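Here UniProt numbering is used: position 77 in the sequence shown is 77, and no number is missing along the way.
Ideal placement from N, C-alpha and C gives every residue a C-beta, glycine not left out.
Here the structure is a predicted model, which is why all the values come from computation and not from measurement.
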Amino acid sequence: MLFVQFTGLSGSGKTTLAYQAQQQLQAAGYRVVVIDGDECRKQFWPELTYSERDREENIRRLGRLGRMFCQQGAIVLMAAINPFEHIRAELRQHNHPTKTVFVTCSMATLIARDTKGLYARALLQPDHPDKLTNLTGINAPYEPPIYPDLTINTDDFSPIDCTDRLVQLILDFLNPSNTTISATQSTH
Numbered sequence: 001m002l003f004v005q006f007t008g009l010s011g012s013g014k015t016t017l018a019y020q021a022q023q024q025l026q027a028a029g030y031r032v033v034v035i036d037g038d039e040c041r042k043q044f045w046p047e048l049t050y051s052e053r054d055r056e057e058n059i060r061r062l063g064r065l066g067r068m069f070c071q072q073g074a075i076v077l078m079a080a081i082n083p084f085e086h087i088r089a090e091l092r093q094h095n096h097p098t099k100t101v102f103v104t105c106s107m108a109t110l111i112a113r114d115t116k117g118l119y120a121r122a123l124l125q126p127d128h129p130d131k132l133t134n135l136t137g138i139n140a141p142y143e144p145p146i147y148p149d150l151t152i153n154t155d156d157f158s159p160i161d162c163t164d165r166l167v168q169l170i171l172d173f174l175n176p177s178n179t180t181i182s183a184t185q186s187t188h
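Written as structure tokens, this is what we have:
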């Protein structure tokens, strides 16, 4: 039905946004699948490392999984860092129709939300034994999307407003007559 690929740094709000949108859309009667990049990596392909090649393979696998659910009539929300523009373009080519959503926020917000301590470890001195050397956006590459369909800065909007913007993008695509649902509206 529709493949929505998120992109953004760890802690920007991709997974939270995906699950909140899933709740709204399901309440409106849509079939929605969230593909959580972290969970899929842990559960289905733990052999992948964090090398650039394996990061690309991870996203390709998530994309194939998403394509399967789309072919079964679901809206797919793929919440993953998804750091490379050429892989996002590849997913757009293979998963029609596709929307790209860039979820962003300030570095201060990323650090404040960092429950795993990744940013603290990545920002340690180079010779520190606990230094994390491959955190996307800090010491591993991240390419912001060139032409996202939607950019959501989670510093600028409340979680409800962020979710409403995403849901509206999806509904505008699925139903050009401009149907609106909102977390602040009652749905049945």
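Three-state secondary structure (DSSP) at T163? By 1-based counting over the sequence shown, the position of residue 163 is 163. If DSSP states are grouped into helix, strand and coil, T163 belongs with the helices.
DSSP three-state label for T187, please. Residue 187 sits at position 187 when you count from the first residue of the sequence shown. No answer about T187 holds up, because its pLDDT of 38 lies below 50 and its placement is not dependable.
Can you say whether D156 is buried or exposed, counting buried as having 16 or more other CB atoms within 10 angstroms of its CB? Here residue 156 is taken as the residue at index 156 of the sequence shown, counted from 1. Per the 10 Å Cβ criterion, exposed.
State yes or no: is the C-beta of D164 nearer than 7 Å to some heavy atom of the ligand NAD? This structure lacks the ligand NAD; in fact it carries no ligand of any kind.
Give me the Cα-Cα distance between P144 and G29, rounded to the nearest whole angstrom. Your numbering for residue 144 matches position 144 in the sequence shown. Your numbering for residue 29 matches position 29 in the sequence shown. Between P144 and G29, the C-alpha separation is close to 33 Å.
Less than 8 Å separating the beta-carbons of T151 and F102? By one-based count along the sequence shown, residue 151 stands at place 151. By one-based count along the sequence shown, residue 102 stands at place 102. Yes, the pair counts as a contact, with Cβ atoms nearer than the cut-off.
Look up M78 in the DSSP assignment and give the residues it is bridged to. Taking the first residue of the sequence shown as 1, we reach residue 78 at position 78. Partner(s): Q5 and I35.
Report the residue from Q43, S51, A18 and P148 whose alpha carbon sits nearest the alpha carbon of L77. Residue 77 sits at position 77 when you count from the first residue of the sequence shown. For the set Q43, S51, A18 and P148, the Cα lying nearest the Cα of L77 is the one of A18.
If the criterion is Cβ atoms closer than 8 Å, does the pair R31 and A74 meet it? Position 31 of the sequence shown, counted from the first residue, corresponds to residue 31. Position 74 of the sequence shown, counted from the first residue, corresponds to residue 74. The answer is yes: Cβ separation under 8 Å.
Could you please give me the residues that DSSP links to F102 through a beta bridge? Locating residue 102 in the sequence shown gives position 102, counting from the first residue. Answer by DSSP bridge pairing, in chain order: T7 and T151.
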